[in-house]
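4 protein chains.
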Amino acid sequence: MNVYFRNMRTKDEEKKQALFEATVKTVNDIGFAASSVSKIAREAGVSSSTLYVYHKNKEELLVSTYVEIKKKISRALLGNYDETLPLRDILRRGWYNMYVWISENQVYYDYVEQFASSPFRARVNHDVLDRYFLPIFQVMEKGIEQKIIKNVKRPLLSAFMFHPLTRLAAVQWCQGVELDENDIEIAFAMAWDAIRF
Amino acid sequence: MNVYFRNMRTKDEEKKQALFEATVKTVNDIGFAASSVSKIAREAGVSSSTLYVYHKNKEELLVSTYVEIKKKISRALLGNYDETLPLRDILRRGWYNMYVWISENQVYYDYVEQFASSPFRARVNHDVLDRYFLPIFQVMEKGIEQKIIKNVKRPLLSAFMFHPLTRLAAVQWCQGVELDENDIEIAFAMAWDAIRF
Amino acid sequence: MNVYFRNMRTKDEEKKQALFEATVKTVNDIGFAASSVSKIAREAGVSSSTLYVYHKNKEELLVSTYVEIKKKISRALLGNYDETLPLRDILRRGWYNMYVWISENQVYYDYVEQFASSPFRARVNHDVLDRYFLPIFQVMEKGIEQKIIKNVKRPLLSAFMFHPLTRLAAVQWCQGVELDENDIEIAFAMAWDAIRF
Amino acid sequence: MNVYFRNMRTKDEEKKQALFEATVKTVNDIGFAASSVSKIAREAGVSSSTLYVYHKNKEELLVSTYVEIKKKISRALLGNYDETLPLRDILRRGWYNMYVWISENQVYYDYVEQFASSPFRARVNHDVLDRYFLPIFQVMEKGIEQKIIKNVKRPLLSAFMFHPLTRLAAVQWCQGVELDENDIEIAFAMAWDAIRF
DNA sequence: GATGAATGAGTGTTCATTCAT
DNA sequence: CATGAATGAACACTCATTCAT
Chain A
1 MNVYFRNMRT
11 KDEEKKQALF
21 EATVKTVNDI
31 GFAASSVSKI
41 AREAGVSSST
51 LYVYHKNKEE
61 LLVSTYVEIK
71 KKISRALLGN
81 YDETLPLRDI
91 LRRGWYNMYV
101 WISENQVYYD
111 YVEQFASSPF
121 RARVNHDVLD
131 RYFLPIFQVM
141 EKGIEQKIIK
151 NVKRPLLSAF
161 MFHPLTRLAA
171 VQWCQGVELD
181 ENDIEIAFAM
191 AWDAIRF
Chain B
198 MNVYFRNMRT
208 KDEEKKQALF
218 EATVKTVNDI
228 GFAASSVSKI
238 AREAGVSSST
248 LYVYHKNKEE
258 LLVSTYVEIK
268 KKISRALLGN
278 YDETLPLRDI
288 LRRGWYNMYV
298 WISENQVYYD
308 YVEQFASSPF
318 RARVNHDVLD
328 RYFLPIFQVM
338 EKGIEQKIIK
348 NVKRPLLSAF
358 MFHPLTRLAA
368 VQWCQGVELD
378 ENDIEIAFAM
388 AWDAIRF
Chain C
395 MNVYFRNMRT
405 KDEEKKQALF
415 EATVKTVNDI
425 GFAASSVSKI
435 AREAGVSSST
445 LYVYHKNKEE
455 LLVSTYVEIK
465 KKISRALLGN
475 YDETLPLRDI
485 LRRGWYNMYV
495 WISENQVYYD
505 YVEQFASSPF
515 RARVNHDVLD
525 RYFLPIFQVM
535 EKGIEQKIIK
545 NVKRPLLSAF
555 MFHPLTRLAA
565 VQWCQGVELD
575 ENDIEIAFAM
585 AWDAIRF
Chain D
592 MNVYFRNMRT
602 KDEEKKQALF
612 EATVKTVNDI
622 GFAASSVSKI
632 AREAGVSSST
642 LYVYHKNKEE
652 LLVSTYVEIK
662 KKISRALLGN
672 YDETLPLRDI
682 LRRGWYNMYV
692 WISENQVYYD
702 YVEQFASSPF
712 RARVNHDVLD
722 RYFLPIFQVM
732 EKGIEQKIIK
742 NVKRPLLSAF
752 MFHPLTRLAA
762 VQWCQGVELD
772 ENDIEIAFAM
782 AWDAIRF
């Protein structure tokens, strides 16, 4: 009855959510290139004209989906953030959070990878996105000041701290290889070895 | 007549080459999703029907282009390979070769990234491709035996040895950041710190 | 309460007026073919659903807009009508009125032209419209009786009396040609030469 | 058998012609605004993708159809052109030719009217088109020099010489009114009265 | 081997209109 | 009265591919 009386003519957070999930799933299933507006709409259970009620056009749909996931990732990364911990532990916790999140949300992460290697990446305001990850960057700055972390150009730090992680967690990487908790601990140690003073 | 036939052969190889370059350029310019057979053919200066003389279909075109680039990369990586050098130096030379190659051939590398994050990746026989990179893997195995390199699951090694490098070389990563020879040396040192025993 | 209701009435009439103007402006700006209900509504500052409160559907909107303009034209044509004047002067005044009106209201006239050459023209009751122009036709009948005007089939008279005028006043006709008061006087003389006995 | 063996893969003048006729017919039947590429293609008996083999896009289809008809009209107007005739007779012949042509080809003329009152008119190079009608304009110039025709701004001359004619011949004008040869003679006399010195 | 013609199926997007609020 | 949400149908156009030449 609830369903019967559901307001079909009021903008629907559920529908927006459904489009978000459908976008991710479709890109995962058939790839960025093959993901058409109509396929995404069908997956979401709405007509493709309805999609345009919620999104200006395809680009905006794809970009907003990307931004949404990036926010989720930053929230995952910074969950349990405790700046009283020793610096290495802060990073380890972030690393671990992120590993777990990506492992459990590979569909989202796969979307991010496909999006980021497409020309759509140019359509995102990266400065705004980076702000979500600011605390981690600040921790690293502090580490540099305290001569705990190598004083090198910043992109080098992320390239070693976080980039290998994404590869390890990514679905296509671990074909046939199982990484257990111990491996993750080891991997973090390697990342730390790379950046520590 | 000899000349005549040779001429024909040359012409053919030229066209195949033109299609290869056109594929890379088109994907670079407008992205994987927007790269259509006819656009690629136009870029190559042939009709799209001609493309089908050289490639069974679009997928085969994209896959073979990917494989071709991967071979180029392996050749670059292993250029100047000298197994009499100390292990660290072998890796450093490979690292450096690859950095230079990617920097100078970002169009190819961009293609690889877009391809590898698309579902087409499943269409490639990765075992065959990996074989091109075998010498490097063998070097690492030797390092492990000699307790110079950490004895960890193999994917962890590549994740730290080579993956950060690709990010550093990638055009979109270094927006505004200039990496000089010194930085590259530092970056290699970081990779080495990550994997060394 | 009186005020309250009157206010509502005013508001309504304003919206209807806004839709009328928006229809004309939109058709002028982008043409009949490209003028959609939603664009017209947006131009009028109302939602497209609201448009349907005032007009049964798109056709009725376009037709009623046409009829409205035709009324305006007839009012312009017959302004200052004075049947005591000599016949030629009555026509000259009408001619002049109309020239001025079209020149000053080319957006309306452009709409009329686009509408009249479209199949929508079949949807208008022309007999009713013609009635608005009756006085002019009656003047011409009197002229025929008095052997001042040629006794020819009536469409011939309008074809020479009024049709050239619309062309001369139309924006697209006079590209680069400036017609001054004197030219208009000459033009009327030509029309008069065509129809006079 | 001829039909059976007809070459289906060679560009086909017949098909181009069919598209031309289909464009005119469709616009006539349902109007400019409602004439879609797919309807025109269906009318022509080809798929709408095939239409794009022959025309770059809808605009080019519509414009080229317009230009084609204008050429036909100029050919009709100037048929039997004989500059040794007295000036009035040259014009009368042109007038008559045109009346006959429009009467017999009202579909084409209706297309012209709809096109010319649409914003597409701006897409045509009018100077080039005018050139087709040059001889008639030159005749009028000669008439002015010889003081046979009024020396007034040129648009006034065409407005009275040719514009009433198009109205008289146009299908929608003569609803219920039959114009016979005599009426046409009279109409030309009226036009001549308008422009003669 | 090379290509222009051909097309059914699809693209992203807008359409006119309805309906619940 | 006014409107935002909703949609099936249509839009102009491109797709990957085939085929006759």
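Protein chains in written order, with this note's numbering: chain A, 1 to 197; chain B, 198 to 394; chain C, 395 to 591; chain D, 592 to 788. We put the beta carbon where it would ideally sit given N, CA and C, even for glycine. Since we're looking at a predicted model, the values are computed, not measured.
Taking a cut-off of 8 Å on C-beta distances, the stretch 276–288 of chain B does not touch the stretch 319–326 of chain B, as fewer than three cross pairs fall below it.
For D/K663, the closest C-alpha among the options D/T641, D/I693, D/D680 and D/L642 is that of D/I693. Within a 10 Å sphere around the beta-carbon of D/A624 sit 16 or more other beta-carbons, which makes this residue buried. Residue pairing from DSSP places A/I149 in a beta bridge opposite A/R196.
At a cut-off of 7 Å between beta carbons, A/M190 contacts chain B. Annotation: Cβ neighbours of D/A778 in chain C (cutoff 7 Å, chain order): L550. Residues of chain D whose Cβ lies closer than 7 Å to the Cβ of C/P558 are, in chain order, A750, F751, H754 and P755. Contacts with chain B at 7 Å (Cβ-Cβ) include A/A194.
Judged by DSSP in its simplified three-state form, B/D380 adopts helix. Against chain B, the beta carbon of A/A33 has neighbours under 7 Å at F229, A230 and S315, listed in chain order. With contacts defined as CB atoms closer than 7 Å, A/K58 and A/V37 qualify as a contacting pair. Among the CB atoms of chain C, one or more fall inside 7 Å of the CB of D/D774. Within chain A, the residues S117 have their CB atoms less than 7 Å from the CB of B/E310, given in chain order. Nearest C-alpha to D/Y723 among D/L642, D/E605, D/I660 and D/L610: D/I660. Under the three-pair Cβ rule at 8 Å, the stretch 159–169 of chain A counts as touching the stretch 182–194 of chain A.
Listed along the chain, the chain A residues whose CB falls inside 9 Å of the CB of B/L376 are K153, P155 and L156. At a cut-off of 7 Å, the C-beta of A/L51 has no neighbouring C-beta in chain B. Straight-line measurement puts the Cα of B/E211 at about 16 Å from the Cα of B/S261. Residues of chain C whose Cβ lies closer than 7 Å to the Cβ of D/L682 do not exist; the shortest such Cβ separation is about 14 Å. In the DSSP assignment, A/H126 falls within the alpha helix (DSSP H) that extends over H126 to Y132. Between the stretch 632–645 of chain D and the stretch 606–617 of chain D, the count of Cβ pairs shorter than 8 Å is three or higher; the stretches touch. Distance from the CA atom of A/V67 to the CA atom of A/Y96, rounded to whole angstroms, is 22 Å.
For D/F751, the three-state secondary structure derived from DSSP is helix. Boundaries of the alpha helix (DSSP H) harbouring D/L682: L678 to E695, taken from the DSSP string. Following the DSSP letters along the chain, one finds D/T675 in no alpha helix (DSSP H), marked with neither H nor E. 7 Å or more divides the Cβ of B/L376 from the Cβ of A/A159.
According to the DSSP assignment, D/D603 belongs to no alpha helix (DSSP H), since it is labelled neither H nor E. The DSSP-derived three-state label of A/A34 is coil. Bounds of the alpha helix (DSSP H) holding B/R272 are K255 to L274.
Distances from the CA of A/G143 to each of A/L51, A/K39 and A/L85 were compared; the closest alpha carbon is that of A/L85. Here D/E704 is near C/S511, since their CB atoms are less than 7 Å apart.
Interface criterion met: the Cβ of A/L168 is under 7 Å from a Cβ in chain B. Put simply, of B/L353, B/E378, B/E338 and B/A367 the residue whose alpha carbon is nearest the alpha carbon of B/R285 is B/E338. A straight line joining the alpha-carbon of D/I727 with that of D/L682 spans about 8 Å. Burial state of D/L748 is buried, judged by a 10 Å Cβ sphere holding 16 or more other Cβ atoms. When secondary structure is reduced to three states using DSSP, A/G143 falls in the helix class.
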